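Q: Residue numbers (this note's numbering), protein chains in the order written: chain C, 16 to 505; chain U, -10 to 90. Virtual Cβ for every residue (Gly too), placed ideally from N, Cα, C. Every value quoted in this text rests on a predicted model; they were computed, and no experiment measured them.
Quick look at the structure:
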């Protein structure tokens, strides 16, 4: 909105414009079918997402600010467009197992992804706020999509109330930032804040309010409390989507906002580094300790996703030091690589949880007992994904963690690195507990688990398994191409 | 400047009232009204800063978007409340206690 970058070219938004048009056409198109509306919507939606990803990949990277500074076009925009397209396609595949007749869950998912695309290039307060809400509002509906399940309804209730509250708090912070600086673009706000010499409490307070609002979206402690409940109550395929895509969108927003947090350095002695170091350490420790006591796989993965948000925040703590261009590039690469790896391994883990839930009727630990003997392939897949989430070599999760720790060591933040390694050790305990249940314990005969033999590794299931497990294995051995590609984006 | 302070005071009072409603009210609709107060307090801030302090129209634009988003959010929230009411015959938020850990 500021006249700083007075470029009104719509070209950088071309993928979004095409996507929005295609999405609207898809709503009408779906009405012409009686059967398999879900399948048709998912296939057409995937084509649309591929188009956006390809357009993003081949765009000639005219880096800069567009539409009066409200849209940023750079390497991160390209990366996030591709990441969100992938996450949405895999999640749509998971949704197909349960909702192949309804078009609505797929349309809601696609609408949410529209917001994510906008968010990837958000350059000012208004774009960021509207994009975040476009991500969130369809998610609230998706959480409650099992209309006759009280737990699903309750998940939606908690999600919408806390979500709206956190957006309100963030917006209140933004309004003060606008008042203090007279600008709505992040670059402008940052410059104005740096120019302020007085130690003023208003700036600290408004930045904290903004951080709380963003922290909610990425399930950062202390605003993580909604996460286990919402993840447990939502349909499993929707939970898989929540744990990856809106979370990555939150990180995209935080990545754009980092520039606004940097001027804190000179104020109060509460520097941005301290803020992000504490947030990261507390978030990962709390997530890992919380996961130990869980008996439901969905809740366990919810706490694990909180812990992983903590790991990714380590990268942001490095960015908060206002590092040299070299270190900035390394830390950003580490964050983005981790987000990409986390997408595959977490969606994969949820794919197996969903499979077991459909085949055996539940997702608490009892239903996983003896899975290794009855369902060899799903058990093996889950073991791979959980080891990767722990960060054991030679899996992708290890490389992701390694890049993050390398960035920390390069930035001389040894304390946080040690806390991170200690947390990795804690996480090994609860991930291995699941694997022990699958391979060493026999199913409880009193529980009377009925295996629904109609649920098998169908062609769709095999494709989803391959799409998630191959990158999890391959990126552990040949991470170079992806890491170099991400590195070249900055 | 004096009138700016008046608006800022009103908006902070609205914000605190919204937070209090969120914390003390049991009916989901009342909680939603609290959230609307918070969103509107931010909107009021944007307009007041735009009129009295910053001298540009960015704040007014932001306020328009806030109003639109608040309406969309309220529509979705009410639909979710209605669905839960159909299942549990109550709209009290503390009756929603199936999920905990």
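Establish whether the CB of residue 199 of chain C and some CB of chain U are separated by less than 8 Å.
A: Taking the first residue of the first chain as position 1, residue 199 of chain C is located at position 184. At least one chain U Cβ lies under 8 Å of residue 199 of chain C.
Q: If we ignore side chains and look at the alpha-carbon of each, how far apart do residue 377 of chain C and residue 371 of chain C end up?
A: Position 362 of the first chain, counted from the first residue, corresponds to residue 377 of chain C. Position 356 of the first chain, counted from the first residue, corresponds to residue 371 of chain C. Roughly 7 Å separates the two Cα atoms.
Q: For the segment 21 to 32 of chain U, list every residue whose C-beta sits within 7 Å of some C-beta in chain C, in sequence order.
A: Answer set for the segment 21 to 32 of chain U: 24, 27, 28, 30 and 31.
Q: Look at the Cβ atom of residue 410 of chain C, then the Cβ atom of residue 446 of chain C, and state whether they are nearer than 8 Å.
A: Counting from 1 along the first chain, the entry for residue 410 of chain C is found at position 395. Counting from 1 along the first chain, the entry for residue 446 of chain C is found at position 431. For residue 410 of chain C and residue 446 of chain C, no; Cβs fall outside 8 Å.
Q: What residue range is occupied by the uninterrupted alpha helix (DSSP H) comprising residue 316 of chain C?
A: Taking the first residue of the first chain as position 1, residue 316 of chain C is located at position 301. Looking at the DSSP string, the run of the alpha helix (DSSP H) that includes residue 316 of chain C is 312 to 334.
Q: Which residue's Cα is closest to the Cα of residue 25 of chain C: C/81, C/172 and C/343?
A: Mapped onto the first chain, residue 25 of chain C falls at position 10. When each option's Cα is compared against that of residue 25 of chain C, the closest is C/81.
Q: Just checking: is the beta-carbon of residue 66 of chain U within a distance shorter than 8 Å of some beta-carbon in chain C?
A: What you label residue 66 of chain U is simply residue 77 of the second chain in a count that begins at 1. True, the Cβ-Cβ gap to chain C drops below 8 Å.
Q: For residue 38 of chain U and residue 276 of chain C, what's the separation of their Cα atoms in angstroms?
A: In the second chain, counting from the first residue as 1, residue 38 of chain U sits at position 49. In the first chain, counting from the first residue as 1, residue 276 of chain C sits at position 261. Each residue's Cα considered, the two are about 21 Å apart.
Q: Terminal residues of the continuous alpha helix (DSSP H) containing residue 275 of chain C?
A: Locating residue 275 of chain C in the first chain gives position 260, where the first residue counts as 1. Here the alpha helix (DSSP H) through residue 275 of chain C covers 251 to 276.
Q: Terminal residues of the continuous alpha helix (DSSP H) containing residue 11 of chain C?
A: Lying outside 16 to 505, the shown extent of chain C, residue 11 of chain C is not represented and no answer is given.
Q: In chain U, which residues lie less than 7 Å from residue 162 of chain C when you measure between Cβ atoms?
A: Within the first chain, the letter at position 147 stands for residue 162 of chain C. What residue 162 of chain C touches in chain U: 72.
Q: In chain U, which residues lie with their C-beta within 8 Å of the C-beta of residue 173 of chain C?
A: Residue mapping note: residue 173 of chain C aligns to position 158 of the first chain, counting from 1. Ordered by position in chain U, the residues that pass the 8 Å Cβ test against residue 173 of chain C are 85 and 88.
Q: Let me see if you follow: with CB-CB separation under 8 Å, is residue 257 of chain C close to chain U or not?
A: As a first step, residue 257 of chain C is located in the first chain; it is residue number 242 there, counting from the start. For residue 257 of chain C, the answer is no, since every Cβ of chain U falls outside 8 Å of its Cβ.
Q: Find the nearest neighbour of residue 197 of chain C within the set U/76, U/41, U/84 and U/70, judged by alpha-carbon distance.
A: The sequence position of residue 197 of chain C within the first chain is 182, counting from 1. Considering only alpha carbons, the answer is U/41.
Q: Does the segment 420 to 440 of chain C come close enough to the segment 2 to 10 of chain U that 3 or more CB-CB pairs lie under 8 Å?
A: Touching, no, given that fewer than three Cβ pairs across the two stretches are closer than 8 Å.
Q: Can a CB atom of chain U be found closer than 8 Å to the CB of residue 229 of chain C?
A: Taking the first residue of the first chain as 1, we reach residue 229 of chain C at position 214. Judged by the 8 Å Cβ criterion, residue 229 of chain C is not in contact with chain U.
Q: What does residue 139 of chain C pair with, by DSSP beta-bridge criteria?
A: Here residue 139 of chain C corresponds to residue number 124 of the first chain, with the count starting at 1. Beta-bridge pairing links residue 139 of chain C to C/200.
Q: Where does the unbroken beta strand (DSSP E) through residue 285 of chain C begin, and where does it stop?
A: Taking the first chain and counting its residues from 1, one reaches residue 285 of chain C at position 270. Here residue 285 of chain C belongs to no beta strand (DSSP E), and DSSP marks it neither H nor E.
Q: Go ahead and label residue 25 of chain U buried or exposed: buried means 16 or more other beta carbons lie within 10 angstroms of its beta carbon, across all protein chains shown.
A: On the second chain, residue 25 of chain U is found 36 positions in, with the first residue counted as 1. So residue 25 of chain U counts as buried.
Q: Do you know offhand how far residue 107 of chain C's Cα is from residue 425 of chain C's?
A: Here residue 107 of chain C is taken as the residue at index 92 of the first chain, counted from 1. Here residue 425 of chain C is taken as the residue at index 410 of the first chain, counted from 1. So the two alpha carbons sit approximately 39 Å from each other.
Q: For the alpha helix (DSSP H) that contains residue 309 of chain C, what are its first and last residues?
A: Counted from its first residue, the first chain places residue 309 of chain C at position 294. Here residue 309 of chain C belongs to no alpha helix (DSSP H), and DSSP marks it neither H nor E.
Q: Inspect the CB distances between the segment 157 to 175 of chain C and the segment 59 to 79 of chain U and report whether three or more fall short of 8 Å.
A: Because the criterion of three Cβ pairs below 8 Å is met, the segment 157 to 175 of chain C and the segment 59 to 79 of chain U touch.
Q: Kindly list, in the order they appear in chain U, the residues whose Cβ is closer than 8 Å to that of residue 187 of chain C.
A: As a working mapping, residue 187 of chain C is identified with position 172 in the first chain. Those are 4, 27, 30, 31 and 34, listed as they occur along chain U.
Q: Skipping 5 residues on each side, what residues in its chain have a beta carbon closer than 6 Å to that of residue 0 of chain U?
A: For the purposes of this step, residue 0 of chain U is identified with residue 11 of the second chain, where counting begins at 1. Result list for residue 0 of chain U: 30, 33 and 34, in chain order.
Q: Determine the contact status of residue 68 of chain C and residue 95 of chain C, defining contact as a CB-CB distance below 8 Å.
A: Counted from its first residue, the first chain places residue 68 of chain C at position 53. Counted from its first residue, the first chain places residue 95 of chain C at position 80. The answer is no: Cβ separation not under 8 Å.
Q: Since residue 503 of chain C and residue 270 of chain C are thought to touch, with beta carbons under 8 Å apart, how far apart are those beta carbons, to the nearest angstrom?
A: Here residue 503 of chain C corresponds to residue number 488 of the first chain, with the count starting at 1. Here residue 270 of chain C corresponds to residue number 255 of the first chain, with the count starting at 1. Wrong, their Cβ atoms sit about 17 Å apart, outside the cutoff.
Q: To the nearest angstrom, how far is the alpha carbon of residue 141 of chain C from that of residue 265 of chain C?
A: In the first chain, counting from the first residue as 1, residue 141 of chain C sits at position 126. In the first chain, counting from the first residue as 1, residue 265 of chain C sits at position 250. Looking at the two C-alpha atoms, the distance is approximately 15 Å.
Q: What three-state label does DSSP hand residue 47 of chain U in the structure shown?
A: Position 58 of the second chain, counted from the start, is the residue given in the question as residue 47 of chain U. Note: residue 47 of chain U maps to helix in three-state DSSP.
Q: Which one of C/333, C/51 and C/139 has the shortest CA to CA distance from residue 202 of chain C?
A: Your numbering for residue 202 of chain C matches position 187 in the first chain. Selected option, being the one with the closest Cα: C/139.
Q: Whole angstroms are fine: how far does the CA of residue 311 of chain C sit from the CA of residue 465 of chain C?
A: Stepping through the first chain from its first residue, residue 465 of chain C is reached at position 450. Stepping through the first chain from its first residue, residue 311 of chain C is reached at position 296. Cα to Cα, residue 465 of chain C sits roughly 18 Å from residue 311 of chain C.
Q: What does the alpha-carbon distance come out to for the pair residue 252 of chain C and residue 110 of chain C?
A: To locate residue 252 of chain C, count along the first chain from 1; it is residue 237. To locate residue 110 of chain C, count along the first chain from 1; it is residue 95. Cα to Cα, the separation comes out at about 5 Å.
Q: Under 8 Å, do residue 305 of chain C and residue 487 of chain C count as touching if we go by C-beta distance?
A: Counting from 1 along the first chain, the entry for residue 305 of chain C is found at position 290. Counting from 1 along the first chain, the entry for residue 487 of chain C is found at position 472. In this structure, residue 487 of chain C does not lie closer than 8 Å to residue 305 of chain C by Cβ.
Q: List the residues of chain B whose Cβ lies closer than 8 Å to the Cβ of residue 191 of chain C, in chain order.
A: Absence of chain B from the displayed structure is noted, the protein chains being C and U.
Q: What do you get for residue 226 of chain C, buried or exposed, if any count of 16 or more other CB atoms within 10 angstroms of its CB means buried?
A: Counted from its first residue, the first chain places residue 226 of chain C at position 211. Looking at its Cβ environment, which holds 16 or more other Cβ atoms inside 10 Å, residue 226 of chain C is buried.
Q: Where does the unbroken beta strand (DSSP E) through residue 87 of chain C begin, and where does it stop?
A: As a first step, residue 87 of chain C is located in the first chain; it is residue number 72 there, counting from the start. Segment 86 to 88, the beta strand (DSSP E) holding residue 87 of chain C.
Q: If I measure Cβ to Cβ from residue 308 of chain C and keep anything under 8 Å in the same chain, skipping five residues before and after, which residues do I get?
A: As a first step, residue 308 of chain C must be located in the first chain, where it is residue number 293. Here the set comprises nothing.
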